[in-house]
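Residue numbers (the numbering used here), protein chains in the order written: chain A, 1 to 551; chain B, 552 to 658.
Written out below as structure tokens is the structure these notes cover.
Quick look at the structure:
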């Protein structure tokens, strides 16, 4: 028999095996008929010498001397395949449950989308399919749906195609059976596409089955992993996107409708205090293990607390995560009609002349405190407010701000729309409305203005200042902070006005510096409510490796 | 009411020239002369190399020089496609298509 015509050196079949002496040789040879490159990973077999078993064939075997788990075996396989010039690997179980013939169904999909993960979706209607496998599959699919917002199917299937480069780049912590579910969540978060292909499955009668799956311990690991993944999804921190990976078009932002449901259920069952309690554990885990978000937070903390050593800084990171988690929980509480939060407006009298006048103004805020909740303070103003925010966050934020009820008072301008929403912004300001802009968010433009921020050179986006200068309107700076278990302060930190005849460049410099000074002052009082997660400083000795800004 | 008796065909080349001149001066396009800008050249992106924030300046320029406010934001992509499309819009909507809006009319 000849190989399938579209296979090449780029595609490998990998077979993680442990004590599958009776089946692995046949499985490997049958796969070899379809795809010329086959690799076996012997994950610490105790009773069998798989190398000897495969002697006389050209199928290589790599071995873990002790059992390290299926995830570790797949990663070893990926490294080996990468070394041998392969770009895609299809994993096949060694127990013979998969039909090597079905490899053919993967090949056209791999060719069409080499960056995608392809799941072989098993037809569970055949004989001998254990009930617990059917249940386990549904259970796993449910969790993955919660974690990714995507309708992924057969998420426990071991018959899959992985792009080797991306597989090795994903920050997957699980090394046992939990690897296979975690890798899907991480892939979806990193923007990789996940596809499905129908495959058959064969289960031997129960008495003949050899499985490395330990029902109690491995289910415990799986549950532990799912809980962490769900909580990670609800934590509003950025996920690193893989370069070259296409954005999943159906990917929803973190905190989708399911996220809402999960959180509100948790809140209903345990109340605010209980939900806060959960955060102690979740945030500790991330402060210890999630290096990408820790790095992002440290950029700020090193400037805010230059005298603190590494351990103290890690503690500070933990405090920032806790603060952000609490703000997030409060937001959910507020959206769902909770009334246990109090908002104290401070210094609002200084903008009375602006809100009472017929001209518009720019309301400049930042990712500090609970900026979304602070927006509720705007309903007291006798002016329409337009929020410059991304359209893919619409449904969520719309819910948060109850836009339907206040449809006439709060509008949204999409910065990803034509010209970054510039026309909408200028029209709104021309009509005498308020436009709310995040002063620390670069809305699809690389234009920055240099300022001094915490004693070092930093760059802030200049959109808000440009809008104000062009429309000849002042800027009001608004920050919020959580000041007690149920209390928030929403403060007008200052007004940055135009001086008569001030040139644009001069206003941008002065305005941005005044804004940076107000932000610095705010963070001196509320140091752990800074959720910039973006290195704004330009004096860094090493190039920034930060993840993209969170939504 | 337009402050000119010229027909649309007569106005268009004049408006294009005025628009190019204003773009170069307002946006400080140092290496470009107005006459080097093509009528069908894209204004943003590749063409003149302007980005969305330059749009802020152009919106102001249209208001102050031509008395034009583009209220239909959804038409933005069509109107700002090129000097030609923008000039057409000015001729059709501006009370002062040759520029020089009296200061009291600037909104």
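By construction, the Cβ of each residue, glycine as well, lies at the ideal position given by its N, Cα and C atoms.
Beta carbon of residue i, beta carbon of residue j: below 8 Å?
i	j	result
residue 205 (chain A)	residue 186 (chain A)	no
residue 387 (chain A)	residue 436 (chain A)	yes
residue 333 (chain A)	residue 342 (chain A)	no
residue 580 (chain B)	residue 574 (chain B)	yes
residue 381 (chain A)	residue 355 (chain A)	yes
residue 498 (chain A)	residue 468 (chain A)	yes
residue 351 (chain A)	residue 476 (chain A)	yes
residue 24 (chain A)	residue 44 (chain A)	no
residue 179 (chain A)	residue 98 (chain A)	no
residue 362 (chain A)	residue 183 (chain A)	no
residue 154 (chain A)	residue 119 (chain A)	yes
residue 240 (chain A)	residue 190 (chain A)	yes
residue 46 (chain A)	residue 175 (chain A)	no
residue 492 (chain A)	residue 511 (chain A)	no
residue 637 (chain B)	residue 605 (chain B)	no
residue 267 (chain A)	residue 275 (chain A)	yes
residue 438 (chain A)	residue 367 (chain A)	yes
residue 17 (chain A)	residue 42 (chain A)	yes
residue 594 (chain B)	residue 645 (chain B)	no
residue 422 (chain A)	residue 610 (chain B)	yes
residue 410 (chain A)	residue 360 (chain A)	no
residue 482 (chain A)	residue 323 (chain A)	yes
Is there a C-beta anywhere in chain E that falls below 8 Å from the one on residue i?
i	result
residue 624 (chain B)	Included in the structure are the protein chains A and B, with no chain E among them.
Per DSSP, residue i forms a beta bridge with which residues?
i	result
residue 530 (chain A)	A:368
residue 121 (chain A)	A:198
residue 482 (chain A)	A:488
residue 537 (chain A)	A:458
residue 473 (chain A)	Partner(s): none; residue 473 (chain A) has no beta bridge.
residue 623 (chain B)	Answer by DSSP bridge pairing: none, since residue 623 (chain B) is not bridged.
residue 344 (chain A)	A:489
residue 452 (chain A)	A:457
residue 361 (chain A)	A:434
residue 11 (chain A)	A:88
residue 595 (chain B)	B:601
List the endpoints of the continuous beta strand (DSSP E) containing residue i.
i	result
residue 487 (chain A)	487 to 496
residue 239 (chain A)	Taken as a continuous stretch (DSSP letters only), residue 239 (chain A) belongs to no beta strand (DSSP E), as it is neither H nor E.
residue 386 (chain A)	385 to 388
residue 509 (chain A)	Segment 504 to 525 is the alpha helix (DSSP H) holding residue 509 (chain A); no beta strand (DSSP E) there.
residue 609 (chain B)	From DSSP, residue 609 (chain B) is part of no beta strand (DSSP E) but of the alpha helix (DSSP H) over 603 to 617.
residue 438 (chain A)	434 to 438
residue 589 (chain B)	It is not in any beta strand (DSSP E) - residue 589 (chain B) carries neither H nor E in the DSSP assignment.
residue 413 (chain A)	410 to 413
Start and end of the alpha helix (DSSP H) containing residue i?
i	result
residue 641 (chain B)	634 to 644
residue 581 (chain B)	From DSSP, residue 581 (chain B) is part of no alpha helix (DSSP H); its letter is neither H nor E.
residue 573 (chain B)	559 to 577
residue 355 (chain A)	352 to 356
Counting beta carbon pairs with one atom in the region 283 to 298 of chain A and one in the region 313 to 330 of chain A, are three or more of them shorter than 8 Å? yes
Segment contact flag, the region 192 to 199 of chain A with the region 102 to 109 of chain A, C-beta cutoff 8 Å, min 3 pairs: yes
Could you give the uninterrupted runs of the alpha helix (DSSP H) lying entirely in the region 13 to 44 of chain A, keeping only those of 4 residues or more? 21 to 34
Within the chosen definition, does the region 48 to 58 of chain A reach the region 24 to 35 of chain A through at least 3 CB pairs nearer than 8 Å? yes
Taking one C-beta from the region 74 to 92 of chain A and one from the region 158 to 170 of chain A each time, how about it: are there three or more such pairs within less than 8 Å? yes
How do the region 319 to 329 of chain A and the region 451 to 458 of chain A stand: do at least 3 beta-carbon pairs fall below 8 Å, yes or no? no
Could you name each continuous beta strand (DSSP E) segment of 3 residues or more that falls completely within the region 129 to 210 of chain A, going from the start of the chain to the end? 160 to 163 and 194 to 199
Under 8 Å: do the region 219 to 233 of chain A and the region 134 to 149 of chain A share three or more Cβ pairs, one atom per stretch? yes
Unbroken beta strand (DSSP E) runs of length 3 or more, entirely within the region 269 to 334 of chain A: which are they? none
Considering only residues of the region 35 to 110 of chain A, which uninterrupted alpha helix (DSSP H) runs meet the minimum length of 4 residues and lie entirely inside it, listed in chain order? 50 to 53 and 70 to 83
Inter-stretch contact at 8 Å, needing at least 3 Cβ pairs: the region 612 to 626 of chain B / the region 584 to 591 of chain B: no
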